[in-house]
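S.K.:
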Amino acid sequence: MEALNELCDLVTAYPDLLLADKLTWLSSRCAPAASSSSPQRASRAHLHSLVALARLLPVGPAGGPLPPPLLAFLTSHAFLSPAFWPQSFAPAPYLSKLLPLLAAAPASPALSSAVSGALLAALNVTDPASAPLARAFLSAAAANPPPLLPADAAPIGQRLLLEFVGTDEPPPRTKGKGEDAAGDVNGGIKEVVQRFEGEEIEALERKEVAFRLILQMLGGEGGLDGDKVPKVRNAAAWQVRSLTDFLKIRKRDWREQGAQLRARINTKLLCCQAAVVVLVRSVSVSVMEADSKSSKDMLQQTLAWFIEATKSCILSSWRKLKICEELFCTLLNGISQITVSRGGQLLPVLLIPLKPLVVSTCSQADMTGCSPGALFEAVVKLSCEIIEFGWTKDRALVDTFIMRLAAYVRERNDYEEEDGKGKDAVPLMRLNVVRLLAELCVCLKRWEVVDMILPLFIEHLEEGDASSPSLLRLRLLDAISRVACLGFEKSYRESIVLMTRSYLDKVKAVGATENNNTLPSEATTERTETLPAGFLLVASNLTSTKLRSDYRHRLLSLCSDVGLAAESKSGGSGADLMGPLLPAVAEICSDFDPVSSVEPSLLKLFRNLWFYIVLFGLAPPIQNNQAPTKPVSAPLNTTDGSSVALQAVAGPYMWNSQWCVAVQRIAQGTPPLVVSSVKFLEDELELNALHNPGSRRGNGNEKAAVGQRTALSAALGGRVEVAAMSTISGVKATYLLAVAFLEILRFSCNGGVLSATSTLNKSSSTLSCVFEYLLTPNLTPAVSQCLMAVVHRAFETMLSWMEDRISDIGVKADVRESALSFHACFLIKSMSQRDEPVRDVSVKLLTQLKDKFPQVLWNSSCLDLLLISVHNELTSGPVSDPAWVATVRSLYQKIAREWITSALSYAPCTTQGLIQVQSI
Numbered sequence: 001m002e003a004l005n006e007l008c009d010l011v012t013a014y015p016d017l018l019l020a021d022k023l024t025w026l027s028s029r030c031a032p033a034a035s036s037s038s039p040q041r042a043s044r045a046h047l048h049s050l051v052a053l054a055r056l057l058p059v060g061p062a063g064g065p066l067p068p069p070l071l072a073f074l075t076s077h078a079f080l081s082p083a084f085w086p087q088s089f090a091p092a093p094y095l096s097k098l099l100p101l102l103a104a105a106p107a108s109p110a111l112s113s114a115v116s117g118a119l120l121a122a123l124n125v126t127d128p129a130s131a132p133l134a135r136a137f138l139s140a141a142a143a144n145p146p147p148l149l150p151a152d153a154a155p156i157g158q159r160l161l162l163e164f165v166g167t168d169e170p171p172p173r174t175k176g177k178g179e180d181a182a183g184d185v186n187g188g189i190k191e192v193v194q195r196f197e198g199e200e201i202e203a204l205e206r207k208e209v210a211f212r213l214i215l216q217m218l219g220g221e222g223g224l225d226g227d228k229v230p231k232v233r234n235a236a237a238w239q240v241r242s243l244t245d246f247l248k249i250r251k252r253d254w255r256e257q258g259a260q261l262r263a264r265i266n267t268k269l270l271c272c273q274a275a276v277v278v279l280v281r282s283v284s285v286s287v288m289e290a291d292s293k294s295s296k297d298m299l300q301q302t303l304a305w306f307i308e309a310t311k312s313c314i315l316s317s318w319r320k321l322k323i324c325e326e327l328f329c330t331l332l333n334g335i336s337q338i339t340v341s342r343g344g345q346l347l348p349v350l351l352i353p354l355k356p357l358v359v360s361t362c363s364q365a366d367m368t369g370c371s372p373g374a375l376f377e378a379v380v381k382l383s384c385e386i387i388e389f390g391w392t393k394d395r396a397l398v399d400t401f402i403m404r405l406a407a408y409v410r411e412r413n414d415y416e417e418e419d420g421k422g423k424d425a426v427p428l429m430r431l432n433v434v435r436l437l438a439e440l441c442v443c444l445k446r447w448e449v450v451d452m453i454l455p456l457f458i459e460h461l462e463e464g465d466a467s468s469p470s471l472l473r474l475r476l477l478d479a480i481s482r483v484a485c486l487g488f489e490k491s492y493r494e495s496i497v498l499m500t501r502s503y504l505d506k507v508k509a510v511g512a513t514e515n516n517n518t519l520p521s522e523a524t525t526e527r528t529e530t531l532p533a534g535f536l537l538v539a540s541n542l543t544s545t546k547l548r549s550d551y552r553h554r555l556l557s558l559c560s561d562v563g564l565a566a567e568s569k570s571g572g573s574g575a576d577l578m579g580p581l582l583p584a585v586a587e588i589c590s591d592f593d594p595v596s597s598v599e600p601s602l603l604k605l606f607r608n609l610w611f612y613i614v615l616f617g618l619a620p621p622i623q624n625n626q627a628p629t630k631p632v633s634a635p636l637n638t639t640d641g642s643s644v645a646l647q648a649v650a651g652p653y654m655w656n657s658q659w660c661v662a663v664q665r666i667a668q669g670t671p672p673l674v675v676s677s678v679k680f681l682e683d684e685l686e687l688n689a690l691h692n693p694g695s696r697r698g699n700g701n702e703k704a705a706v707g708q709r710t711a712l713s714a715a716l717g718g719r720v721e722v723a724a725m726s727t728i729s730g731v732k733a734t735y736l737l738a739v740a741f742l743e744i745l746r747f748s749c750n751g752g753v754l755s756a757t758s759t760l761n762k763s764s765s766t767l768s769c770v771f772e773y774l775l776t777p778n779l780t781p782a783v784s785q786c787l788m789a790v791v792h793r794a795f796e797t798m799l800s801w802m803e804d805r806i807s808d809i810g811v812k813a814d815v816r817e818s819a820l821s822f823h824a825c826f827l828i829k830s831m832s833q834r835d836e837p838v839r840d841v842s843v844k845l846l847t848q849l850k851d852k853f854p855q856v857l858w859n860s861s862c863l864d865l866l867l868i869s870v871h872n873e874l875t876s877g878p879v880s881d882p883a884w885v886a887t888v889r890s891l892y893q894k895i896a897r898e899w900i901t902s903a904l905s906y907a908p909c910t911t912q913g914l915i916q917v918q919s920i
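full-length UniProt numbering puts the first residue of the sequence shown at 1, with every later residue one more than the last.
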């Protein structure tokens, strides 16, 4: 069978391979045709070959002859005899596989006639032994109806009408809530149960098959006469009308139980689902044929039946069954199709009962989890379709519908006037209404809808009962974050202002109540889960460049405010308060170009962010490549800031591992923390402002200052002794520690290569960032020494990254060699800098790179750049400086001689070839 499947796959991919010899070979594997009276038992190879032939039909010529084995299989009707099938062979799955292949085949008279005859034979089976095979064939055909020509479909339609006995008259019209309420009366429930248990399951199965088969015969030249359509419509209507009483019956009221009851429920609901589809099609056919008042009444009545049936599904104890969910979705789809017919004349008729239907759906207890459920999703889909359709038909009516739904979010509503159980249902219903309104905003993507709904959310959060911690507040905050993702500027700003203010208020509340633990659990959930998830959602979904820039600025400002508010708190609470924001910050900075021009205000926010990341120990350790081991945050039990800083450098990592990853991502999008002004680096007042007055970690605490210097010395690998930092204040030491963390982490990711963040930028070396610190003028010796040490430590980190990947091959090796080339080219260019210390460190680092990875010597990009630099004319700038020009030219010539000499010793042929290419 596997070989046949492979052959069919090959022919399907390459239809030109379908040659006559292949069909002949497949046909030869099929036994001669057998008659239904004396069927010959088929072999498994015969049956598999039939499937293979059916698979090849779609790639064959349209209208071509049916392969003889397939034609014989359908016309002989031998498959209806148990004697035809091999021992221990399951016919039903086989037919479910074969019939869809026939349904996908091009229409042809031979196929249509053969399938029609087979269907009639299966419908007319009277032998009990053949009945299961007939049901299997009919079920497979009903699930995937094969194409029938009108002449062949007509007798099938006539035969199917015999399945609808006693349906010449339509069911009674819906009169109101009191009609057909027998299921609610204890005295009548037994009669209702007996009536439904009197329906045979096999009869229901045959009706379902009849509905699905007759569906393709309705309308146009489908094969069913127009005068027969009312009978089909009435039969479907009787099934739909019976749903209300059927679904009202509770499980304990049925006399049948267990598998027998479940089979009855599934069969009945499947039959009703097929009836709904037929009723929609038949009503549409009648409307097209006669656009009159009677057809409009028919549509209204059908709409009323569907709405009543959907309410029964919602309130039924069987609503969690998959078939009940599918039936509910089918009903709502039918409601949508009927409503949009006749140019929207039925829109007012639907919107009146649609609101209570939506509210009833939102009142169910099984819709409060992370997944709202199929019923809820179907109601959202219907509401969106109706609103979208009615937007241009009757805007006022649609607005009224939305506002009436939104009214259920308010503090007072009709449910609160009830007592007992009704009051308990209020929060549940309101939670799901909030979810539904948020879904409407997201699905419709109309700013007009957002402007109607969002003010109600914000008003309730600020002034209603959702202004205090509660489940309703959490749901509303989640809703406004989803609305903010849509990118409508007004609603985005209103949502983000409220979210950032709420988070900062919760941070301050932690400080006010940390001694008596009076915060409710919802307040903690809001700060640690709901709001951080909302911030991350907005950062992930905003697409507008303008709004992303604004959101980046707002999030960084929030981090600064949170850091300042949390800085004076004891223990590790500062990390607990700031850590949840880091994933959102990482996401919004993922498309930020760190080498672009950055406004000083934004640069200061980045500085503040890294200042607090280091102060609270949120960055991953930079010594010995300590990886985070704890999946969740664990507050430190110490108030000594120096121990926090030292542990941040050396590890282990004590916080949520997601925060560690976020800090690494933030490092890739952070610009160098310097500007052209010297005041920025040297201003003690600005750095001190990042501490609260009287803070134990401010400039007034010498013990904290020594601890920060010790941590800085450890981060720099001991290149600068603590005693040499005596002139560096505590806050400046923290700033320099933040620079060290930032640049070392930047070099530890992706080999120190800045990936392209926009179409205007190409990948480049992170050395371009770290060298910015060396170009800052008028630095004090201690600070200059620390910054130089940062450059060396960051470069060592990059070398370690490459050494760890020295054995990589393929794409990973290309990444490593590309990073090596980027760094070497940058250092070659940097040898022309005016500052002598920068030229010196460029030469030192380039020498280290050549010693560690000599393959860079015969890298074409590096060698070309070096040879070009030797011969390029150097411009001395606005002020003539012949000495600098001579020094740089001499340096390039010296490095080029050493480079070529070493390259020739390692790879003489390759190097000579590169030099010859350059000289051409």
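Ideal Cβ positions, reconstructed from N, Cα and C, are used throughout, including at glycine.
(1) Which same chain residues end up closer than 7 Å to LEU687 when comparing Cβ atoms and leaving out the 5 residues on each side of it in sequence?
(2) Among LYS190, LEU436, ALA52 and LEU456, which residue has its Cα nearest to the Cα of ALA407?
(3) With a threshold of 16 other CB atoms inside 10 Å of the CB of LYS271, please say whether the residue is buried or exposed.
(4) Based on Cα-Cα distance, which residue from VAL614, THR727 and ALA52 lies nearest to TYR94?
(5) My output table needs one value for VAL409: the three-state DSSP class, helix, strand or coil.
(6) Roughly how far, in whole angstroms, is the beta-carbon of residue 921 from the beta-carbon of PRO854, given that I think they are within contact range, below 8 Å?
(7) LEU754 bridges to which residues according to DSSP?
(8) If you compare alpha carbons, which of LYS381, ALA90, ALA134 and PRO671 is closest to ILE335?
(9) Between which two residues does the alpha helix (DSSP H) holding VAL51 run?
(10) Indicate whether the contact test is met: 3 or more Cβ pairs, each with one atom in the stretch 275-282 and one in the stretch 312-324, closer than 8 Å.
(11) Given a threshold of 16 other Cβ atoms within 10 Å of its Cβ, counted over all protein chains shown, does ILE728 qualify as buried or as exposed?
(12) For PRO86, which residues in the same chain have their Cβ closer than 6 Å to its Cβ, ignoring the five residues on either side in sequence?
(13) Starting from the C-beta of SER818, find all residues in its chain whose C-beta is less than 6 Å away, skip the five residues before and the five after it, and write them out in chain order.
(14) Indicate whether GLU197 and ARG255 have their beta-carbon atoms separated by less than 8 Å.
(15) Measure the C-alpha to C-alpha separation of SER113 and TRP391 and round it to an integer number of angstroms.
(16) Alpha carbon to alpha carbon, how far is PHE306 from GLN337? Give it in angstroms, no decimals.
(17) With a cut-off of 8 Å on the beta carbons, I'd call LEU745 and ILE622 a contact; round off their distance for me.
(18) When you compare only the Cα positions, how much space is there between GLN918 and SER890?
(19) Can you tell which of LEU138, GLN216, LYS190 and LYS207 has the C-alpha that lies nearest to the C-alpha of ALA154?
(20) CA-CA distance, GLN916 and VAL791?
(21) Measuring straight from C-alpha to C-alpha, what distance separates MET429 and LEU498?
(22) Give the single residue among ASP593, ALA586, SER596 and VAL595 whose Cα lies nearest to the Cα of TRP610.
(23) Measure the alpha-carbon distance for GLU489 versus ILE496 and round it to whole angstroms.
(24) Compute the distance between the beta-carbons of MET580 and THR528, then report whether it is under 8 Å.
(25) Under a three-way DSSP split, which group does VAL783 fall into?
(26) By the 10 Å Cβ neighbour count, where 16 or more other Cβ atoms means buried, how is SER35 classified, buried or exposed?
(27) What residue range is occupied by the uninterrupted alpha helix (DSSP H) comprising LEU749?
(28) Can you tell me where the alpha helix (DSSP H) holding GLU202 begins and where it ends?
(29) Note down, in chain order, each residue of its chain lying with its Cβ closer than 8 Å to the Cβ of LEU331, except the 5 sequence neighbours on either side.
(30) Determine the DSSP secondary structure at ASP814, reduced to helix, strand or coil.
(31) Using only alpha-carbon positions, find the residue among PRO671, GLN647 and ILE613 that is nearest to VAL661.
(32) Restricting to runs no shorter than 4 residues, where is the alpha helix (DSSP H) found entirely within the stretch 430-467?
(33) What's the gap between the Cα of GLU526 and the Cα of VAL449?
(34) Count the other C-beta atoms from every protein chain shown that fall within 10 angstroms of the C-beta of VAL165, then say buried if there are 16 or more, exposed otherwise.
(35) Please state whether DSSP places GLU684 in a helix, a strand or coil.
(36) To which residues of the same chain is VAL649 closer than 7 Å at the C-beta, ignoring the five residues directly before and after it?
M.R.: Taking the geometry as given:
(1) Excluding sequence neighbours, LEU687 sits near VAL731, LYS732 and TYR735.
(2) Here the closest residue by C-alpha is LEU456.
(3) In the sequence on display, residue 271 carries Cys and not Lys. The Cβ neighbour count for CYS271, taken over all protein chains shown within 10 Å, is at least 16; the residue is labelled buried.
(4) Selected option, being the one with the closest Cα: ALA52.
(5) In the structure shown, the three-state DSSP call for VAL409 is helix.
(6) As shown, the chain starts at 1 and ends at 920. That puts residue 921 outside it, with no answer to give.
(7) LEU754 pairs with SER764.
(8) Closest option to ILE335, Cα to Cα, is LYS381.
(9) Residues 44-56.
(10) Touching, no, given that fewer than three Cβ pairs across the two stretches are closer than 8 Å.
(11) It counts as buried.
(12) Non-local beta-carbon contacts of PRO86 in its own chain, meaning distances under 6 Å to residues more than five positions away in sequence, involve ARG44 in chain order.
(13) For SER818, same chain residues with a beta-carbon under 6 Å away, outside a window of 5 residues either side, do not exist.
(14) Taking 8 Å as the Cβ cut-off, GLU197 and ARG255 qualify as a contacting pair.
(15) Roughly 48 Å separates the two Cα atoms.
(16) In this model, GLN337 and PHE306 are separated by some 12 Å (Cα to Cα).
(17) The C-beta distance from LEU745 to ILE622 rounds to 7 Å, short enough to meet the 8 Å contact threshold.
(18) Distance from the CA atom of GLN918 to the CA atom of SER890, rounded to whole angstroms, is 20 Å.
(19) Comparing Cα positions, the closest option is GLN216.
(20) Answer to the nearest angstrom: the Cα atoms are 36 Å apart.
(21) Rounded to whole angstroms, the gap between the alpha carbons of MET429 and LEU498 is 24 Å.
(22) Per the Cα distances, ALA586.
(23) Here the alpha carbon of GLU489 sits roughly 11 Å from the alpha carbon of ILE496.
(24) First, the amino acid is wrong: residue 580 is Pro here, not Met. A contact, by the Cβ cut-off of 8 Å.
(25) Note: VAL783 maps to helix in three-state DSSP.
(26) The pLDDT assigned to SER35 is 47, lower than 50, so where the model puts this residue is not dependable; a value taken from the coordinates is nonetheless given after this. Counting Cβ neighbours within 10 Å, SER35 comes out exposed, since fewer than 16 surround it.
(27) Checking the sequence, you will find Cys at residue 749 rather than Leu. Counting along the chain, CYS749 falls outside any alpha helix (DSSP H), and DSSP gives it neither H nor E.
(28) 201-214 is the span of the alpha helix (DSSP H), which, as asked, contains GLU202.
(29) Excluding sequence neighbours, LEU331 sits near VAL276, PHE306, ALA309, THR310 and CYS313.
(30) Here ASP814 sits in helix by DSSP.
(31) The option with the nearest alpha carbon to VAL661 is ILE613.
(32) The alpha helix (DSSP H) runs lying completely inside the stretch 430-467 and spanning 4 residues or more are 447-462, given in chain order.
(33) Going from the Cα of GLU526 to the Cα of VAL449 covers about 26 Å.
(34) Exposed, because fewer than 16 other Cβ atoms sit within 10 Å of the Cβ of VAL165.
(35) Here GLU684 sits in helix by DSSP.
(36) Excluding sequence positions up to five before and after VAL649, its CB lies within less than 7 Å of the CB of PRO621, ILE622, GLN623, ALA711, ALA714 and ALA715, all in the same chain and listed in chain order.
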